[in-house]
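*Asks:*
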Amino acid sequence: MRDLTRRQEEIFSLIREWIETTGLPPTRAEIAQHFGFSSPNAAEQHLKVLAKKGVLDLVPGMSRGIRL
(Lines of atoms letter the chains of each structure in order from A and count residues from 1; the text may use other names and numbers.)
(Lines give C-alpha, C1' and ligand atoms only; values in the text may rest on other atoms or scores of the structure.)
Protein backbone atom coordinates (compact mmCIF):
# COMPACT_ATOMS: atom_id res chain seq x y z
CA MET A 1 0.00 0.00 0.00
CA ARG A 2 1.05 3.58 -0.53
CA ASP A 3 2.65 4.90 2.66
CA LEU A 4 -0.41 4.51 4.84
CA THR A 5 -0.39 5.44 8.50
CA ARG A 6 -1.24 2.75 10.99
CA ARG A 7 -4.76 4.17 11.40
CA GLN A 8 -5.27 4.28 7.62
CA GLU A 9 -4.15 0.64 7.37
CA GLU A 10 -6.62 -0.25 10.15
CA ILE A 11 -9.47 1.49 8.35
CA PHE A 12 -8.57 -0.11 5.02
CA SER A 13 -8.41 -3.55 6.67
CA LEU A 14 -11.79 -3.01 8.33
CA ILE A 15 -13.36 -2.10 4.98
CA ARG A 16 -11.82 -5.12 3.24
CA GLU A 17 -12.91 -7.52 6.02
CA TRP A 18 -16.40 -5.98 6.15
CA ILE A 19 -16.85 -6.49 2.41
CA GLU A 20 -15.56 -10.08 2.63
CA THR A 21 -17.96 -10.83 5.50
CA THR A 22 -21.13 -9.00 4.45
CA GLY A 23 -20.69 -8.37 0.74
CA LEU A 24 -21.11 -4.64 1.32
CA PRO A 25 -18.76 -1.89 2.49
CA PRO A 26 -19.42 -0.28 5.88
CA THR A 27 -21.15 3.08 6.19
CA ARG A 28 -19.27 6.11 7.49
CA ALA A 29 -21.26 5.78 10.71
CA GLU A 30 -20.22 2.14 11.12
CA ILE A 31 -16.56 3.04 10.58
CA ALA A 32 -16.85 5.91 13.08
CA GLN A 33 -18.49 3.66 15.66
CA HIS A 34 -15.90 0.91 15.22
CA PHE A 35 -12.98 3.29 15.80
CA GLY A 36 -14.67 5.48 18.41
CA PHE A 37 -14.71 8.60 16.25
CA SER A 38 -17.01 11.38 17.44
CA SER A 39 -18.90 11.53 14.14
CA PRO A 40 -19.20 9.95 10.69
CA ASN A 41 -17.49 13.07 9.33
CA ALA A 42 -14.25 11.94 10.98
CA ALA A 43 -14.51 8.65 9.09
CA GLU A 44 -15.24 10.58 5.89
CA GLN A 45 -12.02 12.58 6.29
CA HIS A 46 -10.00 9.37 6.61
CA LEU A 47 -11.75 7.92 3.56
CA LYS A 48 -10.96 11.01 1.49
CA VAL A 49 -7.26 10.65 2.32
CA LEU A 50 -7.35 6.95 1.40
CA ALA A 51 -9.03 7.85 -1.90
CA LYS A 52 -6.40 10.51 -2.57
CA LYS A 53 -3.69 7.90 -1.96
CA GLY A 54 -5.39 5.66 -4.52
CA VAL A 55 -6.28 2.69 -2.32
CA LEU A 56 -10.05 3.07 -2.67
CA ASP A 57 -12.71 4.97 -4.60
CA LEU A 58 -15.59 6.92 -3.10
CA VAL A 59 -18.99 7.10 -4.75
CA PRO A 60 -20.64 10.44 -3.89
CA GLY A 61 -24.13 10.38 -2.41
CA MET A 62 -24.07 6.74 -1.29
CA SER A 63 -23.74 5.77 2.37
CA ARG A 64 -21.95 2.57 1.36
CA GLY A 65 -20.19 4.15 -1.60
CA ILE A 66 -16.72 2.72 -1.01
CA ARG A 67 -14.98 0.61 -3.65
CA LEU A 68 -11.66 -1.17 -3.26
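Under my numbering, think of the first position of the sequence shown as 742, with each following residue one higher. Think of the CB as a built atom: it goes at the ideal place given N, C-alpha and C, for glycine as much as any other residue. Bear in mind that the values here come from a model prediction, so they are computed numbers and not experimental data.
What did DSSP end up calling Arg747 once you bin it into helix, strand or coil?
*Replies:* In this structure, Arg747 counts as helix in the three-state DSSP scheme.
*Asks:* Do you know how far the Cα of Pro766 is from the Cα of Arg805?
*Replies:* Taking the straight line from one Cα to the other gives about 6 angstroms.
*Asks:* Which residue or residues does DSSP assign as beta-bridge partners of Ile807?
*Replies:* The partner list for Ile807 (beta bridge, DSSP) reads Leu799.
*Asks:* Please check the pair Leu745 and His775, which I expect to be a contact at CB under 8 angstroms, by giving their CB distance rounded to whole angstroms.
*Replies:* Not really, about 17 angstroms apart at Cβ, beyond 8 angstroms.
*Asks:* If you draw a straight line from the C-alpha of Gly795 to the C-alpha of Arg757, how long is it?
*Replies:* If you take the alpha carbons of Gly795 and Arg757, they lie about 15 angstroms apart.
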